[in-house]
Structure formats: C-alpha cells, structure tokens
Amino acid sequence: MPQSPRRARRRATGSLLATLLAAGCVPLTPYREIRLQLPTDRLVEVDGRPVHVVQRGEGEPLVLLHGFGASTYSWRLVVPELAERYRTVAIDLNGFGFSQRPAEAAAYTVAGQLATVLAVLDELGIDSAHLAGHSYGGALSLHLAWRHPERVRSLILIDSAGPEYPWERRYPLAAVRPLISAFVRVYGLRRSSVRKGLERSFADDGQVTEELIDAYFERVKVSGAGRAYYHLSAPTREPRELPELERLAVPTLVVWGSEDVLIGQEYGRQAAERMPAAEFRLIEGAGHIPLEEAPDRLAGLMLEFLDRQPSAAPRATTGR
16 MPQSPRRARR RATGSLLATL LAAGCVPLTP YREIRLQLPT DRLVEVDGRP
66 VHVVQRGEGE PLVLLHGFGA STYSWRLVVP ELAERYRTVA IDLNGFGFSQ
116 RPAEAAAYTV AGQLATVLAV LDELGIDSAH LAGHSYGGAL SLHLAWRHPE
166 RVRSLILIDS AGPEYPWERR YPLAAVRPLI SAFVRVYGLR RSSVRKGLER
216 SFADDGQVTE ELIDAYFERV KVSGAGRAYY HLSAPTREPR ELPELERLAV
266 PTLVVWGSED VLIGQEYGRQ AAERMPAAEF RLIEGAGHIP LEEAPDRLAG
316 LMLEFLDRQP SAAPRATTGR
C-alpha cells in the first residue's frame, strides 16, 4: 500500500536524522566551564543570564557587534587602536561566543537581539554610543539605529548584511527541530565547517591559520548551540519591519572589502547612496572580514570617521 505523503516525509526525516546521528557529533563545552574561566568583569547579567562583553579603553563609547558565527574575538585586532581614543564595548550576541545561549525563541529575533544589546548598555551606564556592526551585526545595527536613534551617535557598517537578512536566513526545513539539531551537531559543529566558512570569507585563505580556526571553533561549540541555531533559522512570526534607509539620518560610514564574494561591494555602495548621511570606503584586497585581513586599515578608516563626529557628554560612569 502506498504511504501517505505525511508518513513518507516522516520516514525520510527519520532516516536522514539517523544517518546524521550515526556520523557522530562534536561534544559541546558546558557553559558552567566557560563561565568559570572568564573574568567576572567580562560578564553582564541580562534577565538572569550572563552576556559576554569585552571592554577596553576610555572616552566616548563605541559598541561593536560581530557577524553571524563570529564573536567578540573577531574584533581583537581592531580594538587596540580604537581603544586609544574610545571606550570600546564588544558584545557576544545571543547564540554566539561566550554568552550563555538563551532558551527562549524570542531572544533570537531582531527585537530580542536589540533588547539584549540595550540591556547591556544600560547595565554599563551607556546612554548613547557610536555603533559598529559587521555582517549580521551590521544588519542589527541598522535596526538599532532606526528603532532607537537616541541611542546611536554614529553608525559604521562593515561588509554589512541587509536589514532583511535576519528574516531571509530562516527557512521552512529548519522548523523540523530534531533534524536541524542533528545537522548542527554533526555538520555545523565541525572544525572543517569553520575552516570552510573562514576560507570563503577571506580574500587570501592562506591567512586562515590553524590557530584562527581553533579560536572560532571554540566559541561555536558551546552548550545550547543546537537550540540557538534552531531559533536563529526556523521561521518566526516576528513582524518584518525594515528600516527606511532614505530616512536614516545618522552619520554613517560604510566600509567594504573589495574582494568580498559573500556580499559584493556594489551592495554596500548602493546602500550608502540611499542613506542621506553616509559615505562609502573600500578596503582593497580584503574579503568579507576586513577585521581579520586588514585591521590596521579598517581601524584607521573608523577613527578618521569617528573623530569627525560631534562629541556628546554621556552621564559619568566607569562601567562595571
């Protein structure tokens, strides 16, 4: 007797799931172990859970948001120069780095990510800040500047994803939670997958060292990774409210690697043309992650832009 379509799909899903599980999986690092290894001043409590934050320098605050699959680690080569003149605050977003993975699906929506960023800033006594975002972090930065303009003094977008990206990266198959969890454990959470992702993001993949792969991989294979990927990928009912770039008047620097094959430079040029207070700069020879390939040139462009912005007087604070 022919199987019903629903039963056939269930059997196919079960077979694929069994195959993935049989392939083995990478053990995840329990978060309690990570927390014990982190300095207490790098953890900010948000709704009873720790968010990993790396602060350095003094002066006007500059908040740094990383890309998808990355973390505060990706800013490490840029921060030293920035921190000579600014108080840099790099944040591990929900589902990434050394922040504890939330259980609630809402934490992984645009609104949830922004709420976490704003809660961290509130805890650190930061009313408003310059904001820099790379890739996925750039998409979130656009939403933050649009929804909370009073919190953003200026905006820097580095090889930024579009504001629609948090919705477009979600797909129906991801709603099959056992399947996506198994996929993440046996494919996404592989060191080889991290290597492949980095090599695609670099113009010169010879710069993708074993040490670099290990550092990114360490911050991916954290307990709750499967849950986080599911909530970041499954369809959501969050309203698709996109910023109107033509009305986003915050001073903006758009920076792009000339060899970015993931998001071409023309996308960045077009976005900058739509924004009334934006300027575009190209970093020759860099790929999707100029933070890694051209940190000195990127920091120089960021500082030149930031130093031209009017200073503000935030309420006095020393942070945490």
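Using this note's numbering, the first residue of the sequence shown is number 16, and each one after it goes up by one.
Here a beta-carbon is modelled for each residue, glycine too, at the ideal position from N, C-alpha and C.
Given the structure is predicted, the values throughout are model-derived calculations rather than measurements.
Relative to the C-alpha of residue i, which candidate in the options has its C-alpha closest?
i	options	result
Leu139	Ile49, Arg57, Ser156	Arg57
Thr267	Leu297, Ser207, Val223, Met290	Met290
Tyr88	Pro65, Ser114, Pro76	Ser114
His303	Met317, Glu288, Leu277	Leu277
Gly300	Asp275, Tyr282, Val93	Asp275
Ser273	Ala249, Ile298, Pro250	Ile298
Ser207	Val270, Thr224, Ala218	Thr224
Val41	Lys236, Glu119, Glu253	Lys236
Ala314	Gln70, Arg91, Gly82	Arg91
Gly283	Glu308, Ala176, Ser216	Ala176
Asp137	Arg234, Val265, Val61	Val61
Arg47	His81, Gly239, Val269	Gly239
Pro54	Pro45, Pro65, Ala292	Pro65
Leu80	Ile171, Tyr101, Ala126, Ala292	Ile171
Pro254	Gln52, Tyr101, Ala126, Arg234	Ala126
Val265	Leu146, Glu233, Ser216	Leu146
Quick check: the Cα distance between residue i and residue j, rounded to an integer number of angstroms?
i	j	result
Leu133	Ala160	12 Å
Glu319	Val104	19 Å
Val59	His67	7 Å
Arg210	Ser326	41 Å
Tyr180	Arg296	22 Å
Arg242	Arg50	19 Å
Met317	Asp220	25 Å
Pro187	Gly72	44 Å
Leu321	Glu226	32 Å
Glu288	Glu294	8 Å
Gly39	Glu96	Since pLDDT at Gly39 reaches only 47, below the 50 mark, its modelled position is unreliable, and no value is offered.
Arg102	Leu77	6 Å
Arg234	Ser86	7 Å
Near residue i, what residues of its chain come up, given a Cβ to Cβ distance below 7 Å and the 5 sequence neighbours on each side ignored?
i	result
Tyr245	Ala189, Arg192, Ile195, Ser196
Thr251	Thr124, Arg185
Ala230	Tyr88
With a threshold of 16 other CB atoms inside 10 Å of the CB of residue i, please say whether the residue is buried or exposed.
i	result
Glu75	buried
Ala154	buried
Arg168	buried
Asp174	buried
Ala286	buried
Glu119	exposed
Asp107	buried
Gln70	buried
Arg262	exposed
Glu183	exposed
Gly84	buried
Counting only the same chain and skipping the five closest in sequence on each side, list residues whose C-beta sits under 6 Å from that of residue i.
i	result
Asn109	Pro117, Ala122, Tyr123, Gln128, Thr131
Arg323	none
Leu157	Pro178, Pro258
Ala249	Ala189, Ala190
Ala144	Pro76, Val78
Gly112	His67, Ser86, Thr87, Arg234
Pro310	Leu92, Val93
Who are the near neighbours of residue i in its chain, counting only those whose CB is closer than 8 Å to its CB and skipping five residues on each side?
i	result
His163	Leu129, Leu133
Gln280	Trp271, Gly272, Ser273, Leu297
Leu306	Ser89, Trp90, Leu92, Val93, His149, Ile173, Leu313
Val135	Val59, Val61, Val66, Val68, Val104, Ile106
Ile228	Arg206, Val209, Arg210, Leu213
For the stretch 85-122, list the beta strand (DSSP E) runs that are entirely contained and at least 3 residues long, ordered along the chain. 102-106
3 or more residues per run - each beta strand (DSSP E) lying fully within the stretch 119-199: 144-149, 167-173
Only counting runs of 4 or more residues, tell me where the alpha helix (DSSP H) segments fall wholly within the stretch 54-84, in order along the chain. none
Every unbroken alpha helix (DSSP H) inside the stretch 191-273 [4 residues or more]: 192-198, 206-216, 225-233, 240-248
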